[in-house]
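Enquirer: Right, I'll just put the structure down here and ask away after.
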Amino acid sequence: MINISQLLDEIKSSPYNEIVISTPHTGKITFADIKEGDCVLGPQGIWKHQPGTQLATLERERNFKPIFAPDKGEISLVHKKLEGLFAEAGTELVVLRHMLTRDEVQRMILQKALHLFRAPERAKYYFTPEADKKIRASETRTMTVRNGMELFIMSRMKREVPLHYSGPEGVIYEIYFKYNANLEIGAPLIGVCSPAHLPVIQDMIARVQTEWFEKTE
Amino acid sequence: MDNTAHKLLIANRGEIALRIINACGKLNLSFTAVYTAEDAASGHVQLARAKGGEKSLFRISSYHDANELMAVADEAGCTAIHPGYGFFAEDFRFARRVAKRDRKLLFIAPSWKIIRELGDKINTKRLARSLNVPTVPGSDRPIYDEMEADRIAKTIFEFQEQQDITHPLVLVKASAGGGGMGIEEVYDPDQFRSVFRRIRNYAMRQFKDEGVLIEQRITNFNHLEVQIVSDRTGGNPVHFGTRNCTIQSTGLQKRIEVAPGFAPDVLDYTFDAAKVLSDIVDYSLTMARNVGYDNVGTWEWIVTRKGQPFLMEVNTRIQVENGVSARIARIRGKGDIDLIAEQIRLGLGQNLGYTQDDITFEGVGIEYRLIAEDPENSFTPWVGRIEHFQWDNAPWLTLLTHVPQAEPYEIPVEFDPNLALAIVWGKDLEQARQRGLQFLHSLQLTGQNASGEKLKSNAAFLATNTESILRF
């Protein structure tokens, strides 16, 4: 059994995350009016439809791509020397210090409480078409999985093999992977919660909701 | 020859990028290479650092992103792009964009109209049929509709039964696929629909197009190729002989290529093998002349046990196995031919400078594709860390690899686990075979993966199959 109080205390002792923002592709960099120590916002609104604070613009093939802060935080480093230069893909632009939100803490704790089914290999993962349809069509957290069920397609070097779920029967509570992205070996794919375990999980969530206060910066 | 006015962007990775860098060296041509984060340890990155001049290496987000390549080409001052194979090779939209943008670049490939015409297997089939070049029975356009697919499959099954074929087979393949990926065969008409659906879903995921081709699966055949080379005039294509690529993995991926395509002087065939070779060369040149083919390309053929050739497709690009044809070719008696350098030289606009009569062939070449895979387990790719990779050098051996020998190398899972190409030359088939085995036996290749399992390679598979080279 997980000691929720101890876990929360651990997280509280270091409630920050460092977020590095790099160029997604090549292009010429123009920084927005930002400096170290500024507080920036992540995407806002009910559907996260308003982008975060703009940090820079990347121009490539006459297209201007704004680069926004992916999350709330305080700017701890800006690589101003890159201003006006052509940058390679993956060049570090800005570093943010981000205070963990309630949702993030909840996700961290859930990762410890749920049964995680992990990637057996470094590969890309997809749900099987049947599972994919069910997950898309139904409400979240209603799809039940059983031990031995064919649930995923594992794709490496364009070669695909079926992957069977192994673990306790339960609902898919969290999905941790995205299509078309490579996952490291051992990375969690889904978090499964058995019906018997559900009240415990809901209890934990309630604890986080009441005990974690988000700092407003 | 003055190439100082040009600079070549190498829009590819691994072993082909290495070969293009080396060809640039021969042509005294400056270049720019690109790489992604996964490839930081690849040999092509190291060679580009060692041999490149100013602005000769850029990290990009993906080899599949055209904007990345154009942006780097402009930044580095490139005037031409070499697509290598895979990625943007055979992509006529990319070729057209390169040729039509404000800052125009030369595309080292046939012109985009030819790529469009021949890059499409189905269009090629229609063109071949119009020139009386033989093709495989089946659909000559992509099929999206299940009912229609079912009808075509039924016709092909019936056709084979009428011809007294005891085990009729239908081949289902992704129309947009290539390189042997996304192909399945059907032996039971009742299974056809489920295979069709599976391939259609696979094609959608991997190639973003659901189109599927359905044709007769011809078993018991040899896979031959004709290497065509032509300059920008398109008027006088020449051939660099034939290759036999019959030895493949279960997934229809080539593993051993031999030039020339048959050896009628030392082996017995049930048909006139010399005539088949000269026929497929003639058919290929006829088509090349008809479309005004203006760079290097390969015409791929299957030859049945009765000696009937069928055109399968045209690859409008340089192929992996070009080196084995170059190895046995001589121009005005001179060897050491580099078809990639020829491709670049002609692509930049120079004239061919020789005719078919100047090209001769000597001996037999064998190319082995050394791959980290498990042939005993349907050629499953093996991923892990290579710790030791060594072989005995010989004057008759050319080894091309992007795997560094000085330090361990982690095979990236994003790409095929090709480790090396070994090209062996012998004055005749017997000597080539012996040297091939000598090379394979000298090979030292070890490593392990995350769970501590030993490296698996296809070296034993290559050695076993060396015996049956060029035998039908």
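Same order as they appear, the protein sequences are chains A and B. Residue numbering for the first sequence follows full-length UniProt numbering, beginning at 1 and increasing consecutively. Residue numbering for the second sequence follows full-length UniProt numbering, beginning at 1 and increasing consecutively. We put the beta carbon where it would ideally sit given N, CA and C, even for glycine. Computed from a predicted model, the values in this text were never measured in an experiment.
Can you tell me whether A:TRP47 is buried or exposed? The criterion is at least 16 other CB atoms within 10 Å of its CB, across all chains shown.
Expert: What you label residue 47 of chain A is simply residue 47 of the first sequence in a count that begins at 1. Exposed is the call here.
Enquirer: In the region 146-162 of chain A, which residues sit with their C-beta less than 9 Å from some C-beta in chain B, listed in chain order?
Expert: Within the region 146-162 of chain A, the residues whose Cβ lies closer than 9 Å to some Cβ of chain B are ILE153, SER155, ARG156, MET157, LYS158, ARG159, GLU160, VAL161, listed in chain order.
Enquirer: Could you name the residues that DSSP lists as bridge partners for B:ALA341?
Expert: On the second sequence, residue 341 of chain B is found 341 positions in, with the first residue counted as 1. Bridge partners of B:ALA341: none, in fact.
Enquirer: In chain A, what lies closer than 9 Å to B:GLU117 by C-beta?
Expert: Your numbering for residue 117 of chain B matches position 117 in the second sequence. Neighbours of B:GLU117 on chain A: none; closest Cβ ~26 Å, over 9 Å.
Enquirer: Does DSSP put B:TYR283 in a helix, in a strand, or in coil?
Expert: In the second sequence, the residue the question calls residue 283 of chain B occupies position 283. In this structure, B:TYR283 counts as helix in the three-state DSSP scheme.
Enquirer: Residues of chain B with a CB under 7 Å from the CB of A:THR26: which are they?
Expert: For the purposes of this step, residue 26 of chain A is taken as residue 26 along the first sequence, with counting starting at 1. Near A:THR26 (Cβ distances below 7 Å), the residues of chain B are PHE58, ILE60, GLU68, ALA71, VAL72.
Enquirer: Does any C-beta atom of chain A lie closer than 8 Å to the C-beta of B:ALA174?
Expert: Position 174 of the second sequence, counting from 1, holds the residue named residue 174 of chain B. Chain A contact via Cβ: absent.
Enquirer: Taking A:MET99 as the reference, give the member of A:LYS133, A:GLY42, A:GLU184 with the closest Cα.
Expert: Taking the first sequence and counting its residues from 1, one reaches residue 99 of chain A at position 99. Nearest of A:LYS133, A:GLY42, A:GLU184 to A:MET99, Cα basis: A:GLY42.
Enquirer: Which residues bound the beta strand (DSSP E) around B:HIS82?
Expert: The sequence position of residue 82 of chain B within the second sequence is 82, counting from 1. Element bounds for B:HIS82: 80-82.
Enquirer: What do you get for A:TYR173, buried or exposed, if any count of 16 or more other CB atoms within 10 angstroms of its CB means buried?
Expert: For the purposes of this step, residue 173 of chain A is identified with residue 173 of the first sequence, where counting begins at 1. Buried.
Enquirer: Can you give me the Cβ contacts of B:PRO375 inside the same chain, cut-off strictly under 6 Å, excluding the 5 residues immediately before and after it?
Expert: Along the second sequence, one-based indexing puts residue 375 of chain B at 375. Answer for B:PRO375: ASN458, PHE461, listed in chain order.
Enquirer: Please work out which residues of its chain come closer than 7 Å, Cβ to Cβ, to A:VAL20, disregarding the five sequence neighbours upstream and downstream, and give them in chain order.
Expert: Your numbering for residue 20 of chain A matches position 20 in the first sequence. For A:VAL20, where only same-chain residues beyond five positions count, the Cβ hits under 7 Å are GLU92, VAL95.
Enquirer: Taking any Cβ of chain A, which residues in the region 366-382 of chain B have a Cβ under 8 Å from it, in chain order?
Expert: So the list reads THR380, PRO381, given in the order they occur along the chain.
Enquirer: What is the residue span of the alpha helix (DSSP H) that B:LEU348 lies within?
Expert: Start at 1 with the first residue of the second sequence, and residue 348 of chain B comes out as number 348. Looking at the DSSP string, B:LEU348 is not in any alpha helix (DSSP H), and its letter there is neither H nor E.
Enquirer: So, is B:ARG327 buried or exposed, given that buried needs 16 or more other C-beta atoms within 10 angstroms?
Expert: Reading the second sequence from its first residue, position 327 is the one you call residue 327 of chain B. Classification for B:ARG327: buried.
Enquirer: Is any beta-carbon of chain A found at less than 8 Å from that of B:MET287?
Expert: To locate residue 287 of chain B, count along the second sequence from 1; it is residue 287. No, its Cβ sits nowhere closer than 8 Å to a Cβ of chain A.
Enquirer: Could you name the residues of chain A that B:PRO417 contacts, counting a contact when the two beta carbons are closer than 9 Å?
Expert: Taking the first residue of the second sequence as 1, we reach residue 417 of chain B at position 417. Per Cβ cutoff of 9 Å: MET157.
Enquirer: Could you tell me whether any Cβ in chain B is nearer than 8 Å to the Cβ of A:PHE86?
Expert: Translated into positions along the first sequence, residue 86 of chain A becomes position 86. Yes, its Cβ sits closer than 8 Å to a Cβ of chain B.
Enquirer: Give the straight-line distance between the Cα atoms of B:ASP294 and B:SER230, rounded to the nearest whole angstrom.
Expert: As a position in the second sequence, residue 294 of chain B is number 294, starting the count at 1. As a position in the second sequence, residue 230 of chain B is number 230, starting the count at 1. Taking the straight line from one Cα to the other gives about 5 Å.
Enquirer: So B:PHE196 is in the alpha helix (DSSP H); what residue range does that whole segment cover?
Expert: The residue you call residue 196 of chain B lines up with position 196 of the second sequence. Looking at the DSSP string, the run of the alpha helix (DSSP H) that includes B:PHE196 is 192-207.
Enquirer: Does any residue of chain B have a CB that is nearer than 8 Å to the CB of A:GLU74?
Expert: One-based indexing of the first sequence puts residue 74 of chain A at position 74. Output row for A:GLU74: interface = no.
Enquirer: Taking 8 Å as the threshold (C-beta atoms), are B:LEU370 and B:ALA422 in contact?
Expert: Within the second sequence, residue 422 of chain B is the residue found at index 422, counting from 1. Within the second sequence, residue 370 of chain B is the residue found at index 370, counting from 1. Contact flag set, yes.
Enquirer: Considering only the beta carbon of each residue, do B:PRO134 and B:PHE310 sit closer than 8 Å?
Expert: Counting from one through the second sequence, the residue named residue 134 of chain B turns up at place 134. Counting from one through the second sequence, the residue named residue 310 of chain B turns up at place 310. Yes, the pair counts as a contact, with Cβ atoms nearer than the cut-off.
Enquirer: Determine, using beta carbons only, whether B:GLY14 comes closer than 8 Å to chain A.
Expert: Walking along the second sequence from the start, residue 14 of chain B turns up at place 14. It does not; no Cβ of chain A falls within 8 Å.
Enquirer: Secondary structure at B:ASP428, three-state DSSP: helix, strand or coil?
Expert: Position 428 of the second sequence, counting from 1, holds the residue named residue 428 of chain B. B:ASP428: coil per DSSP, three-state reduction.
Enquirer: What's the C-alpha gap between B:TYR63 and A:MET157?
Expert: To locate residue 63 of chain B, count along the second sequence from 1; it is residue 63. To locate residue 157 of chain A, count along the first sequence from 1; it is residue 157. C-alpha separation (whole angstroms): 15 Å.
Enquirer: Out of B:SER468, B:ARG471, B:SER451, B:ASP265, point me to the one whose CA is closest to A:GLY186's CA.
Expert: Position 186 of the first sequence, counted from the first residue, corresponds to residue 186 of chain A. The option with the nearest alpha carbon to A:GLY186 is B:SER451.
Enquirer: Skipping 5 residues on each side, what residues in its chain have a beta carbon closer than 6 Å to that of A:LYS35?
Expert: For this step, residue 35 of chain A is matched to residue 35 along the first sequence. Answer for A:LYS35: no residue qualifies.
Enquirer: Flag this pair as touching only if the region 198-209 of chain A and the region 3-11 of chain B have three or more C-beta atom pairs under 8 Å; answer yes or no.
Expert: Short answer: they don't touch.
Enquirer: Indicate whether the contact test is met: 3 or more Cβ pairs, each with one atom in the region 107-123 of chain A and one in the region 2-15 of chain A, closer than 8 Å.
Expert: As far as the Cβ criterion goes, the region 107-123 of chain A touches the region 2-15 of chain A, which means the pair count is three or higher.
Enquirer: Over what stretch of residues does the alpha helix (DSSP H) that includes A:GLN6 continue unbroken?
Expert: Position 6 of the first sequence, counted from the first residue, corresponds to residue 6 of chain A. A:GLN6 -> alpha helix (DSSP H) spans 4-13.
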